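Student: Numbers given in this note's numbering equal positions in the sequence shown, counted from 1, plus 623.
All residues carry an ideal CB built from backbone N, CA and C; glycine is no exception.
Everything numeric in this text was worked out from a predicted model, so none of it was measured.
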Amino acid sequence: MLDPVLTRLPGIRAVMVDLDGTMVDTLGDFQVALNGMLAEWQLPRVERWAVELAVGKGSEHLVRTVLARQRALVDAGPRDGAPVRTVDEASFDAAMARYQHHYRQGNGQHSAVYAGVVEGLAMLKAKGLPLACLTNKPVEFAKALLELKALDSYFPWVFGGDSFARKKPDPLPLIKTCDALGLPTAQVLMVGDSENDAFAASAAGCPVALVTYGYNHGQPIRSVKADAWVDSLLQLG
Ligand SMILES: O=C(O)COP(=O)(O)O
Ligand SMILES: [Mg+2]
Numbered sequence: 624m625l626d627p628v629l630t631r632l633p634g635i636r637a638v639m640v641d642l643d644g645t646m647v648d649t650l651g652d653f654q655v656a657l658n659g660m661l662a663e664w665q666l667p668r669v670e671r672w673a674v675e676l677a678v679g680k681g682s683e684h685l686v687r688t689v690l691a692r693q694r695a696l697v698d699a700g701p702r703d704g705a706p707v708r709t710v711d712e713a714s715f716d717a718a719m720a721r722y723q724h725h726y727r728q729g730n731g732q733h734s735a736v737y738a739g740v741v742e743g744l745a746m747l748k749a750k751g752l753p754l755a756c757l758t759n760k761p762v763e764f765a766k767a768l769l770e771l772k773a774l775d776s777y778f779p780w781v782f783g784g785d786s787f788a789r790k791k792p793d794p795l796p797l798i799k800t801c802d803a804l805g806l807p808t809a810q811v812l813m814v815g816d817s818e819n820d821a822f823a824a825s826a827a828g829c830p831v832a833l834v835t836y837g838y839n840h841g842q843p844i845r846s847v848k849a850d851a852w853v854d855s856l857l858q859l860g
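(1) Following the continuous alpha helix (DSSP H) through Met646, name the residue where it begins and the one where it ends.
(2) With distances taken from each beta carbon to the nearest heavy atom of ligand 2, which residues come in below 6 angstroms, in chain order?
(3) Provide the residue(s) that pair with Met813 in DSSP beta bridges, ordered along the chain.
(4) With C-beta atoms as the reference, is Gly697 less than 9 angstroms away from Leu666?
(5) Pick out whichever of Asp626, Leu642, Ala637 has its Cα sitting closest to the Cα of Val834.
(6) With a threshold of 6 angstroms on Cβ separation, who are the neighbours of Tyr722 within its own chain once the five nearest residues in sequence on each side are excluded?
(7) Starting from Leu757, trace the beta strand (DSSP E) in both directions and tell me its first and last residue.
(8) Any heavy atom of ligand 1 closer than 8 angstroms to the CB of Ser682?
(9) Just mark Pro792 as buried or exposed, buried being the case when its beta carbon has 16 or more other beta carbons within 10 Å.
(10) Taking Val669 as the reference, give the member of Gly644, Met646, Ala695 with the closest Cα.
Here it is as structure tokens:
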């Protein structure tokens with residue numbers, strides 16, 4: 624049995640924790656919101672596995688990827704004469720607005736906190752480590768989800784994909800979060816579930832631990848370079 628991550632990385636003074644795929648399994652929320660929007664565009668429903676491949680790089684990337692995929696499915700399939708709305712750049716803003724409307728309505732209704740998250744956060748807090756939630760999800764949705772799942776009290780800082788000029792995998796959100804924590808990046812551990820978290824951490828100079836149960840664009844998470852991989856947040860300390 625390996626030593627806990629915090630024992631192997633003794634310089635850690637605070638922790639940044641990703642949200643989707645790390646603390647909450649939100650694929651159901653994404654899928655319901657996307658399907659609400661797709662129905663209005665007369666496009667076919669998206670499957671859960673296809674959402675999993677596209678999630679993690681923010682809402683714009685998700686909606687753009689899924690719209691293009693569902694449109695391509697229609698183009699490749701048999702024609703039955705049913706009207707299909709064109710998905711071009713001009714209609715993207717409208718699709719995005721409808722997606723956000725559906726997401727706001729169902730945020731947290733089709734998602735669940737992963738096993739070990741509450742216990743893991745309580746353990747980190749008990750060690751006196753300040754915690755920041757750092758997600759690519761819009762900050763409004765992130766704050767509402769944390770409240771609904773009773774995780775908000777752990778996070779004095781919550782930053783989303785629209786909090787800074789660029790999103791993960793860019794290092795900027797991590798650098799800004801470390802600034803808010805008042806600590807150098809080398810002393811702040813990033814805990815995430817995807818290469819976006821790992822690439823951002825590496826470029827920012829933060830150590831990174833990856834959970835093995837989240838979403839990584841269909842790629843094995845252990846093939847992504849990290850300081851540690853954990854099956855539960857409890858294994859951090
Ligand atoms: O892409 C998203 O909206 C969610 O991403 P996250 O894994 O950074 O929380
Ligand atoms: Mg994630």
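Tutor: Taking the coordinates as given:
(1) Within the sequence shown, numbered from 1, the residue matching residue 646 stands at position 23. That residue, Met646, is in no alpha helix (DSSP H); it is neither H nor E in DSSP.
(2) Asp641, Asp643, Gly644, Thr645, Gly679, Gly815, Asp816, Ser817, Gly837
(3) By one-based count along the sequence shown, residue 813 stands at place 190. According to DSSP, Met813 bridges with Met639, Val831.
(4) Mapped onto the sequence shown, residue 697 falls at position 74. Mapped onto the sequence shown, residue 666 falls at position 43. Note that residue 697 is Val in the sequence shown, not Gly. Their beta carbons are under 9 angstroms apart, which means Val697 touches Leu666 by this criterion.
(5) The sequence position of residue 834 within the sequence shown is 211, counting from 1. Among Asp626, Leu642, Ala637, the Cα nearest to that of Val834 is on Leu642.
(6) Walking along the sequence shown from the start, residue 722 turns up at place 99. Once the five neighbours on either side are set aside, the close Cβ partners of Tyr722 are Ala656, Met660, Val686.
(7) Residue numbering aside, residue 757 sits at position 134 when the sequence shown is read from its first letter. 754–757 is the span of the beta strand (DSSP E), which, as asked, contains Leu757.
(8) Counting from 1 along the sequence shown, the entry for residue 682 is found at position 59. Answer for Ser682: yes, Cβ within range of ligand 1.
(9) Within the sequence shown, residue 792 is the residue found at index 169, counting from 1. Classification for Pro792: buried.
(10) Within the sequence shown, numbered from 1, the residue matching residue 669 stands at position 46. Cα-wise, what sits closest to Val669 is Ala695.
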